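Data first, discussion second: the structure below is written as structure tokens.
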Amino acid sequence: MSYTSQQPPTVHVKNADMSDEFRAAACEVAIEAITSFKLEREIAAHIKKTFDQRYGKTWHCIVGKSFGSYVSHDSRHFIFMQIDRQNILLFKSG
Numbered sequence: 049m050s051y052t053s054q055q056p057p058t059v060h061v062k063n064a065d066m067s068d069e070f071r072a073a074a075c076e077v078a079i080e081a082i083t084s085f086k087l088e089r090e091i092a093a094h095i096k097k098t099f100d101q102r103y104g105k106t107w108h109c110i111v112g113k114s115f116g117s118y119v120s121h122d123s124r125h126f127i128f129m130q131i132d133r134q135n136i137l138l139f140k141s142g
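In the numbering used here, each residue carries its 1-based index in the sequence shown increased by 48.
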């Protein structure tokens with residue numbers, strides 16, 4: 049997918065237990081990843097590594113068009129969003 053700087057992808061937050069600051073950062077980093085990488089594993093790696101560096105370890109990120117999940121996460125460190133047809137699950141645990 050390619051986007052112009054005038055037309056960034058739309059983010060739909062489906063579920064979140066996260067401060068406004070973290071939520072905004074998660075959306076920003078996810079858009080950056082979606083627009084920079086093609087493979088789901090590369091998108092997930094970029095988001096995870098960025099959050100590990102900015103906010104300490106250990107963050108987990110899952111990216112895909114269809115998946116199920118059942119995870120435990122640290123309080124106030126969870127977000128599930130959709131950008132176009134890609135679902136992104138980001139959470140901190142441990």
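From the three backbone atoms N, C-alpha and C, an ideal C-beta is built for every residue, glycine too.
Source: prediction; values computed, not measured.
Span of the alpha helix (DSSP H), counted from its first residue to its last, around residue i
i: F85; result: Run containing F85: none; DSSP gives neither H nor E here.
Between the CA atoms of residue j and residue i - distance to the nearest angstrom
i: S67; j: R124; result: 6 Å
i: H108; j: I131; result: 18 Å
i: I79; j: T98; result: 13 Å
i: M129; j: D65; result: 12 Å
i: D100; j: F85; result: 19 Å
i: T58; j: H94; result: 19 Å
Residue span of the beta strand (DSSP E) that contains residue i, given as start and end
i: H125; result: 125 to 131
i: V59; result: 59 to 66
i: K140; result: 134 to 140
i: V111; result: 107 to 112
Option nearest residue i by Cα separation, candidates the options
i: S157; options: E88, H121, F139; result: Missing from the structure shown is residue 157; the chain here goes from 49 to 142 and no further.
i: R102; options: V59, V77, I110; result: V77
i: S120; options: K140, I136, G104; result: K140
Residues near residue i by beta carbon distance below 6 Å, same chain, minus five either side
i: A74; result: I127, L138
i: P28; result: It is not possible to answer for residue 28, since the shown part of the chain is limited to 49 through 142.
Neighbourhood of residue i by C-beta, 7 Å cutoff - its chain only, sequence neighbours within 5 removed
i: G142; result: T106
i: K62; result: F128, M129, Q130
i: D122; result: K140, S141
Beta-carbon proximity list for residue i, same chain, < 8 Å, skipping 5 on both sides
i: Q134; result: I82, E88, I91, V111, G112, K113
i: F70; result: Y103, R124, H125, I127
Exposure of residue i, with buried meaning 16 or more beta-carbon neighbours within 10 Å
i: K96; result: buried
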